Every structure is written in structure tokens, then in C-alpha cells.
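Working notes, beginning with the structure itself.
In the working numbering, the protein residues as written are 146 to 446.
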């Protein structure tokens, strides 16, 4: 895959700026802005740059809404719908809007971010959505919904959709596209985009979480990222990864009673006990599937 995706620029007329399109000899030559040309060439370091900027915005943007956050916040994040939004939702909503604006500025919506995948798929890839859904279903059955109230549960799942949108748009959308346009193999694309996904969760240490918890979260998110890549590839569309990711996080929050928590909290019973082994199975399958990822994206006109 060529690193260059720019089209020939039309020459500017005397005393004027270069036109967007120029008819010459019966051929239309369309110029490309420097902004789009820069990002369309792709590269791993550009993916890293986008993730770094997103991480800064994710951490800093909520400070613009401190009065609202102070009004809605509660030591127990899942005490009220407002505390769920203030504690979890606001940063991901702002991040999703930022990413949608960025993708729109590049002309990447709906293509290539939401279009069919430019790589093949194999039957074994369907293991990815299956193993991701298994613990989700077990948690959904086992959650003690009465401990939260309908409004808190509804807000948790609404926020979950924005988590899925922002993180999948960033890592399996923008990052994967930049890596593919950099000419890397699909194994590298899957591994590097998942590493970036895991690295972003290292910022959890700024919230006071123990180092061991942060490292465990990073290991989980790397392997979960591999599965989301495979889900996107086998279904042929980023939307399915967004939806599957969007129900994974809130079901985990409500089942454990916390964010990135691994103990009992929001429910009890056999199904929640089985969710633990199902999550271990998920991680093992992710490692195996990573070893089998092959291919290279084909350029689109």
C-alpha cells in the first residue's frame, strides 16, 4: 500500500489561489487540502498523536463544566443518574463529539470509518463476538437492578453507548485507518491499535487506583481491543463493535458496583459467578485469535 493518497494538485491561475477542481484536457484534477493530505498518508505515530490528544482532552475538558460536575457528583458514582453522567458520561460524550468532528474534517465519514472492511474475513473470526457476548449476557442476567433504580440503570447504558462510540471510533476507526494507510499488515494494525487502547487506560493511575489494578486493566483492554478489531472485521462494520462495546462496560459497572472493579457489588448468584470464568475464556480466545490474524488492507478509490 502506498503511503501517498493525495491526488495531483491543479496549478493556480495567475494572481489567484489553486482551485479545488480544474478541467484540463477533458480531465478533472481535484486538489486535496494539506490537512487531509497529512492524515491520509497514515502512519503509526499519527495514530499515537491522535490518541495522546484525545487523552488530554478526556482529562481536561470536564474542567470546563466544574459547576455542573460539582452539582451532580456523588461519592457513589451510581447513586443517581446525574452522578453517573458527571462521573462517567461527560468525558466520553465530549470525546465522541471531538472525534466525530475530526473524522468529518478529514472526509472519513461515512467512508472509510463506517464502510465495509477492505480486508477478508474467516469463519473463525465469529468466535470474537461470541466470547464477548457470553460474559455480557451472564452479567445482564445476574445484576441486581433493584439496587440501582431504573433511572440509574438507563443512564448507565446510555453512557455505555457513548463509551463504545468514542473508544471504537478512536481505536478501531481512526487508529486502524491511519495504520492501514501507513501500509502495515493487519496483524500489526490489530496489535498496535490494541496497545494504544491499553496505553490510554494507564491514565487511570491519576485517579488514585493501585498500580496492580491499572496494569490488570491495561492487560484486559489490550486483549479486549484485539477482539473488537476482529468483531469489526468479521461483521464488516465498525457499528457492531460500537454496540458490543457499548453494552460490555455498563454491564460490568452494574455487576461489580464500580469502574474497573473486579469484586462483587451490584448483584450475586450463579450467573455472576460464571461471568468470571467466561471473562478468562474471553482473554484466552483473544490471545489465540491474535496469532491467526493475517492480511493487508487493499486501497480504495
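Heads up, the beta-carbon is just placed ideally off N, CA and C, and yes, glycines get one too.
Fair warning: this is a prediction, and the values are worked out from it, not measured in the lab.
Taking only three categories from DSSP, how would you classify residue 437?
As a first step, residue 437 is located in the chain shown; it is residue number 292 there, counting from the start. For residue 437, the three-state secondary structure derived from DSSP is helix.
Hey, would you say residue 424 sits closer than 8 Å to residue 280, going by beta carbons?
Position 279 of the chain shown, counted from the first residue, corresponds to residue 424. Position 135 of the chain shown, counted from the first residue, corresponds to residue 280. A contact, by the Cβ cut-off of 8 Å.
What do you reckon, are the CB atoms on residue 208 and residue 217 nearer than 8 Å?
As a working note, residue 208 is residue 63 in the chain shown. As a working note, residue 217 is residue 72 in the chain shown. No. Outside cutoff.
Can you tell which of 371, 372, 343 has the C-alpha that lies nearest to the C-alpha of residue 358?
As a position in the chain shown, residue 358 is number 213, starting the count at 1. Residue 358 has its Cα closest to that of 343, out of 371, 372, 343.
Let me check understanding here. Comparing Cα to Cα, which of 301, 238, 255, 337 lies closest to residue 193?
Here the question's residue 193 lines up with position 48 in the chain shown. Of 301, 238, 255, 337, the residue nearest in Cα terms is 337.
Please go through the segment 341-402 and give each complete alpha helix (DSSP H) segment of 4 or more residues, from N-terminal end onward.
Whole alpha helix (DSSP H) segments, 4+ residues: 356-380, 383-401.
Looking at C-alpha atoms only, which residue of 178, 181, 443 is the closest neighbour of residue 328?
Numbered from its first residue, the chain shown carries residue 328 at position 183. For the set 178, 181, 443, the Cα lying nearest the Cα of residue 328 is the one of 443.
Residues in the same chain with beta-carbon distance under 7 Å from residue 386, minus the five sequence neighbours each way, listed in chain order, please.
For the purposes of this step, residue 386 is identified with residue 241 of the chain shown, where counting begins at 1. Only 313, 317, 373, 376, 377 meet the Cβ criterion.
Label residue 180 either buried or exposed according to how many other C-beta atoms from any shown protein chain fall within 10 Å of its C-beta, with 16 as the threshold for buried.
Counting from 1 along the chain shown, the entry for residue 180 is found at position 35. With fewer than 16 Cβ atoms within 10 Å of its Cβ, residue 180 is classed as exposed.
For residue 221, collect the residues of the same chain with a Cβ closer than 8 Å to its Cβ; drop the 5 residues on either side in sequence, then sort them by chain order.
Reading the chain shown from its first residue, position 76 is the one you call residue 221. Contacts found: 228.
Along the chain, where does the alpha helix (DSSP H) that runs through residue 505 open and close?
Past the boundaries of the shown model lies residue 505; the chain is included only from 146 to 446, so the question cannot be answered.
For residue 184, is the classification buried or exposed, using 16 other Cβ atoms within 10 angstroms of its Cβ as the cut-off for buried?
Reading the chain shown from its first residue, position 39 is the one you call residue 184. That one is buried.
Quick one: is residue 250 buried, meaning 16 or more other Cβ sit within 10 Å of its Cβ, or exposed?
Position 105 of the chain shown holds residue 250. Residue environment: residue 250 is assigned as exposed (fewer than 16 neighbouring CB atoms within 10 Å of its CB, all protein chains considered).
Would residue 178 be called buried (16 or more neighbouring beta carbons within 10 Å of its own) or exposed?
Residue numbering aside, residue 178 sits at position 33 when the chain shown is read from its first letter. Its Cβ having fewer than 16 others within 10 Å, residue 178 is exposed.
When DSSP labels each residue in this structure, what does residue 225 get in the three-state scheme?
Within the chain shown, the letter at position 80 stands for residue 225. Residue state for residue 225 is assigned as coil, using DSSP reduced to three classes.
I'd like the span of the alpha helix (DSSP H) that includes residue 312, first residue to last.
The residue given as residue 312 occupies position 167 in the chain shown. Per DSSP, residue 312 is one residue of the alpha helix (DSSP H) stretching across 295-313.
N- and C-terminal bounds of the alpha helix (DSSP H) containing residue 179
On the chain shown, residue 179 is found 34 positions in, with the first residue counted as 1. Boundaries of the alpha helix (DSSP H) around residue 179: 179-185.
Thinking C-alpha only, which one of 324, 428, 284, 384 is nearest residue 419?
Within the chain shown, the letter at position 274 stands for residue 419. Checked all of 324, 428, 284, 384; the closest Cα to residue 419 is 284.
Around the C-beta of residue 273, are 16 or more other C-beta atoms found within 10 angstroms, so that it is buried, or is it exposed?
Residue 273 sits at position 128 when you count from the first residue of the chain shown. Burial check for residue 273: the Cβ neighbour count within 10 Å reaches 16 or more, so the residue is buried.
Which whole-angstrom value describes the C-beta separation of residue 254 and residue 248, a residue pair presumed to lie in contact below a C-beta threshold of 8 Å?
As a working mapping, residue 254 is identified with position 109 in the chain shown. As a working mapping, residue 248 is identified with position 103 in the chain shown. Between residue 248 and residue 254 the Cβ distance is about 5 Å, and since that is below 8 Å, they are a contact.
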